[in-house]
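J.:
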Amino acid sequence: MSETPQEKVARLARLRRDGGVLRDYRSPRYDEPFIMEQGSPGERGVLVPLAEDAVKQAVGEPADYIPEGMARAAAPVLPEMSQHQVLRHYLRYSQMTLGMDLGSDISEGTCTMKYSPKLHEELVRYHRAADLHPWQDEGTLQGLLEIVYETGQYLKEISGMDGFTLQPGGGSHAVYTNACVMRRYFEARGELGQRDEMITTIFSHPCDAATPKVAGFKVITVMPDDNGYPDLEAFKAAVSERTVGCMITNPEDTGIYNPQIDKYVEVLHDAGALAFTDQANANGILGIARARDAGFDACHFNLHKTFSSPHGCEGPASGAYMVTEELAPYLPVPVVTRAGGKYHLDYDRPESIGRVRGFLGNWLCVIRAYAWIRNMGPDGLREVAEISVLNNNYLDMLLMAVKGVTRPYAEGHRRLDQVRYSLEELKEDTGFGTEAVRDRMVDFGIQSYWMSHHPWVVPEPFTPEPCETYDKNDLDEWAATIKKVSDEAYHEPDVVREAPHAQPIDQMRRTEAMEDPAQWAFTWRAYKKKALGRQGPA
Amino acid sequence: MADKPFIHPYIPNAAPATKEAMLRELGLGSVEEIYAEIPERLRFRGRLDIPEPILAERDLRKHVMGLLDKNTSGVDHLNFCGAGCWQHHVPSVVDEVINRAEFVSAYCGGDYSDLGKYLSRFEFNSMLAELLDFDAVANPIYDWGDVAGRSFRMARRITGRDKVLVPSHISPMRLMEIRTLCQPESMPNSTKIRFYEWDRETGKVDLDDLRAKVDDSHAAVYWESPGYLGTIEAHGAEIVAIAHEHGALAINGVDPITLGVLTPPGALGADIACGDIQALGMHMHAGAGCSGFIAFRDDDPVFAQECPLELYTVMETKTPGQYAVGEAIAERTSYGSRDQGVDWVGTASGLWTIAAAVYMAVMGPQGFKELGETCIARSHYAAKLLAEVPGVEVRLSPHFFKEFVVDFDGTGKSVADVNKQLLAHEIFGGKDLSAEFPELGQSALYCVTEYHDQADIEKLAAAVEEVTA
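Those sequence lines, one after another, are chains A and B. The opening residue of the first sequence carries number 16 in the numbering used here; numbering runs sequentially from there. The opening residue of the second sequence carries number 12 in the numbering used here; numbering runs sequentially from there.
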């Protein structure tokens, strides 16, 4: 009975009305002018309170309290628009944004675009979450501190670690925190002069290379062998008495689990170095494998990926940084503690690296992560991992049946939560590489896929991550879209060449303006000067 | 629990029939066969020791709301804390836009499919540029301290010098963050923080001390307006001139909500401006409403080339008159060049930039002007009433926008005592400065904005009078 994956994906890759699963999609297109070009003098979008007469009489003219030369001479050139017109403008922009909720965001691999429950949005908008001041009395923040403390306990269990901070404002920020903590650890041991090298792998996130560099270390990047990860001997060769530690991902962006990972850690520990694992993408290993069990000294999680906090057009986000007891003294201040049934912000930590951000952290993300973990429980977390891995392997079966798609490395091994594919073959056959496919797939109502971080070690890459959020139909539709665009590349090249066709705008001219100082315009006023030759208010 | 299939509303393929069908198509008996990729010695074979789930949405809502109800908010109480995170009114239309599912859920989607996100971002940059009077604004990141530290490193790269002069009355919290970003001086790439003095009478910078300290080894001179202690800096243009005389850059930290009435950093001649957009339409979120911006001159490409944050440029499509937005000179960043990038970047605070865009658009020039006048009037009214309380003194220059220093020394009470007792009056008193600035005695930094009306201010004054009596 059974249809081959090739037959299946071919059957699916037709429009719905033709018996397939593809959408006859058109994005909203509003031809909406920039807001800076809208409005009319005198219009108001919101009225602000004016000082009461008694207040004015008591204090006199506000201008009297501005030092000479510091009173603004010319009003800022901002829109003068009524409220409905502003709202409508941004609603139009929102409709021209697919985001995750509207699209099929299997596309953004390495980002774990899972569903962010709407309940959580209600929780964080509640005034006892949204309208808290970080410096108000600790006794009036007990609910928030409890949520943060308890979330830390859960993450300790999930990672096997002993200490945590939820101060970093994103994954890269947590990774940077690690570079600072490792530095402080060796400074305390008097070894900082000797140790100045951090090891990472090319398939680890760019921040695993960039943040130790900014922290003042030399960065050694180890390349993969045919297995998709560095051979143990190659890794050993990079380690010496100068090594601070490693900052690596597992599984890496390839989705391949490195079965030698604990051996790497042993090599590092034997050299007196530390081991950190970047767990931005922990979705496939929740309750399955723990960083500590592989010997790691530290790890992190992205609460906006694995733990459901929404990505918010790239933040605010939250990085949970987890450490062993040995590294805990170096965590940023304040640390949330519990004593006598109360929660506290502990600043009295003389070995701390200090702060990586102001105030407390992006704890609205922590509230969501807390709610999500409490909603899942131990079996739910494991189910998340299992279904994300199952989804990925199902999608893989379909994608590997698409002409032009290959999957480098580790033939015969299954991937966990995501896969980095290559369209090199498609490009050789048709001239269309991964960017062309990306810019056509969106015409089917599917979010633009993530290709790869730089450099492209895998040629013409793309990296889907079908986490537990997506149902079987979503997976079919996603694979069918790639199949459809592949077919077009082989048989209807003009359709791909002229893409996109169903988007809010036509094909972009992505060239000179992005690199040329005479053309780049980071603001409308710069554009008016450079391109339109206009000065001052339009 | 473990015996029953777990079919969660957020995990569709957990439905047994679907799961089995998928496994069958894959020729697998169970997901464990996939996990065979993980060696047994690395497997976690226990059951996570975390609480059993609260499954029903109603029950979870009750549980988490119950925890949040242990907090007291700035709506429950009158809040006079500021110090880098300020309670301004957030127009409902701002929340309406940023609560749109498309914006809440979007991430790094493509130029076409997430076009509205990029257009909003460009408009944010464009409107903030008008407030600041700069031509270039980068994509914001975590908070003011973060962008101050990054601006210093940017100045270091541009000038090839490794010291930055900072006024010594900078927020100690902000300074801690800057120090982490600028690296310990033992590191070869550290950017060294040096200080110049402030005038203890006025709260403004000590220009003579700045002149004495600055030399040709400094990458930048940094100043803030209003400063941490609330004072509007009177000498911005002079600071710029002094910095430039020595080939140093002038970096101005600024709260942009003041710029409806105050001279913007661009007009003062600053090379780089940085600060926080939290006041522009963000709820405080216990500090998570913060987001730091960097703006800079665009007349010399080195500023953009050394900018640590992502830059977005407006660009054209093949259809005349149609605009798109794309990332510019992306190879500079760590996403483009890993450890060879000029700095590192990461997921930052995108949603807040959209909130600020909506805020700036609805406020308009008149809104910012009126808001500035109201903040000044009401904060001075509060200062006046508090200064009338026996033993209470308002310190430093009357040149302040919304924050001012209140000295309780004459009452014989500590700020900690006063603030504890104010809680009984449902008031959060000002930020305690006594540990940070011992020279100010038992002083607190009070913040009064347009959020606080005459009655709120009079309630505060009466409560302070009562608790200090």
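The beta-carbon is built from N, C-alpha and C at its ideal position, and this holds for glycine as well. Since this is a predicted model, take the numbers as computed values, not measurements.
(1) Closest to B:VAL177 by CA distance: which of B:MET33, B:ASP220, B:PRO20 is it?
(2) Can you have a look at A:ASN488 and say buried or exposed, based on whether 16 or more other CB atoms are within 10 angstroms of its CB?
(3) Contact check, B:LEU382 vs B:GLY300 under 8 Å by CB: the rounded distance?
(4) Classify A:VAL473 as helix, strand or coil using the three-state DSSP reduction.
(5) Contact check, B:GLY214 vs B:GLY241 under 8 Å by CB: the rounded distance?
(6) Under the criterion of a Cβ to heavy atom distance below 7 Å, does B:PRO64 qualify as lining the ligand SAH?
(7) Need the endpoints of the alpha helix (DSSP H) that A:HIS506 sits in, please.
(8) If contact is defined by three or more beta carbon pairs under 8 Å, each pair taking one atom from either stretch, is the segment 226 to 245 of chain A in contact with the segment 210 to 217 of chain A?
(9) Given that A:ARG429 touches chain B, what residues does it touch there, using C-beta distances under 7 Å?
(10) Can you check which of these residues, A:GLN294, A:LEU93, A:PHE201, A:PHE250, is closest to A:SER185 by C-alpha distance?
(11) Using a Cβ cut-off of 8 Å (strictly closer), state whether B:LYS413 contacts chain A.
(12) Can a CB atom of chain A be found closer than 8 Å to the CB of B:GLU63?
(13) Which runs of the alpha helix (DSSP H) at least 4 residues long sit entirely within the segment 218 to 275 of chain B? Give them in chain order.
(14) Which chain A residues sit within Cβ distance under 8 Å of B:CYS193?
(15) In three-state terms, what does DSSP make of B:ALA472?
(16) So A:CYS328 contacts chain B; which residues on that side make the cut at Cβ distance below 7 Å?
(17) Report yes or no: is there a C-beta of chain A within less than 8 Å of the C-beta of B:PRO199?
(18) Give the residues from the segment 45 to 64 of chain A that approach chain B closer than 7 Å (Cβ to any Cβ), ordered along the chain.
(19) Is the segment 37 to 49 of chain A close to the segment 88 to 107 of chain A, with three or more CB pairs under 8 Å?
(20) Mapping DSSP to helix, strand and coil, what is A:TYR336?
(21) CA-CA distance, A:PRO552 and B:ALA117?
(22) Give me, in chain order, the residues of the same chain whose beta-carbon lies closer than 7 Å to that of B:LEU451; leave out the 5 immediate sequence neighbours on both sides.
(23) Tell me where the beta strand (DSSP E) around A:ILE235 begins and ends.
(24) For A:THR526, count neighbouring Cβ atoms within 10 angstroms of its own Cβ and tell me buried if that reaches 16, exposed if not.
(25) A:GLY376 CB to nearest chain B CB: under 8 Å?
(26) In chain order, what residues of the same chain have a beta carbon less than 8 Å from the beta carbon of B:ASP157, not counting five sequence neighbours either side?
(27) Kindly indicate the opening and closing residues of the beta strand (DSSP E) around A:ASN317.
(28) By DSSP, does B:MET293 sit in helix, in strand, or in coil?
(29) Measuring alpha carbon to alpha carbon, tell me which residue in B:ILE262, B:THR170, B:SER390, B:SER360 is nearest B:PHE412.
(30) Checking the sheet assignment: what are the DSSP bridge partners for B:TRP209?
(31) Answer with buried or exposed for A:PRO325, where buried requires no fewer than 16 other C-beta atoms within 10 angstroms of its C-beta.
(32) Which residue from B:LEU456, B:ASN24, B:LYS174, B:ASP80 puts its Cα closest to that of B:ALA427?
(33) Once the 5 residues before and after B:VAL313 are set aside, which same chain residues still bring their CB inside 7 Å of it?
(34) Looking at the unbroken beta strand (DSSP E) that takes in B:ARG406, where does it start and where does it end?
(35) Do you know offhand how far A:ASP308's Cα is from B:GLU141's?
(36) CA-CA distance, B:ASP70 and B:HIS19?
T.: Well, looking at it:
(1) When the alpha-carbon of B:VAL177 is set against those of B:MET33, B:ASP220, B:PRO20, the nearest one is in B:ASP220.
(2) It counts as exposed.
(3) The distance from the Cβ of B:LEU382 to that of B:GLY300 is about 17 Å, inconsistent with a contact at the 8 Å cut-off.
(4) Collapsing the DSSP output to three states places A:VAL473 in coil.
(5) Right, their Cβ atoms sit about 7 Å apart.
(6) Looking for the ligand SAH in the displayed structure turns up nothing, as the structure carries no ligands at all.
(7) For A:HIS506, the enclosing alpha helix (DSSP H) has its first and last residue at 487 to 506.
(8) Output reads yes: the segment 226 to 245 of chain A touches the segment 210 to 217 of chain A.
(9) Ordered by position in chain B, the residues that pass the 7 Å Cβ test against A:ARG429 are ILE45, GLU48.
(10) Per the sequence shown, residue 185 of chain A should be read as Gly rather than Ser. With distances taken between Cα atoms, A:GLY185 lies closest to A:GLN294.
(11) Closer than 8 Å to the CB of B:LYS413 there is not a single CB belonging to chain A.
(12) Interface residue, yes.
(13) Here the runs fully enclosed are 218 to 224, 247 to 256.
(14) Neighbours of B:CYS193 on chain A: none; closest Cβ ~10 Å, over 8 Å.
(15) Correct three-state label for B:ALA472: helix.
(16) The answer, in chain order, is PHE114, ALA117, LYS128, GLY361, LEU362, ILE365.
(17) Yes, its Cβ sits closer than 8 Å to a Cβ of chain A.
(18) Per Cβ criterion, the list reads PHE49, ILE50, MET51, ARG59, GLY60, VAL61, VAL63, PRO64.
(19) Between the segment 37 to 49 of chain A and the segment 88 to 107 of chain A there are three or more inter-stretch CB-CB distances shorter than 8 Å, so the stretches are counted as touching.
(20) Reduced to three states, the DSSP call for A:TYR336 is strand.
(21) Per-residue confidence for A:PRO552 stands at a pLDDT of 47, beneath the threshold of 50, marking its modelled position as unreliable; no derived number is given.
(22) Answer for B:LEU451: ARG406, VAL416, ASP418, LEU444, listed in chain order.
(23) Its beta strand (DSSP E) spans residues 233 to 237.
(24) It is exposed - the Cβ of A:THR526 has fewer than 16 other Cβ atoms within 10 Å.
(25) Nearest CB-CB separation between A:GLY376 and chain B: below the 8 Å threshold.
(26) The residues are GLU188, LEU192, GLY303.
(27) Note, A:ASN317: beta strand (DSSP E), 313 to 317.
(28) The answer is coil: DSSP assigns B:MET293 none of H, G, I, E or B.
(29) Ranked by Cα distance from B:PHE412, the first of B:ILE262, B:THR170, B:SER390, B:SER360 is B:SER390.
(30) Answer is B:VAL216, bridged to B:TRP209.
(31) Under the 10 Å beta carbon count, A:PRO325 is surrounded by 16 or more other beta carbons and is classified as buried.
(32) Nearest of B:LEU456, B:ASN24, B:LYS174, B:ASP80 to B:ALA427, Cα basis: B:LEU456.
(33) Cβ neighbours of B:VAL313 beyond the five flanking positions: ILE169.
(34) 404 to 406 is the span of the beta strand (DSSP E), which, as asked, contains B:ARG406.
(35) About 53 Å.
(36) Cα to Cα, the separation comes out at about 15 Å.
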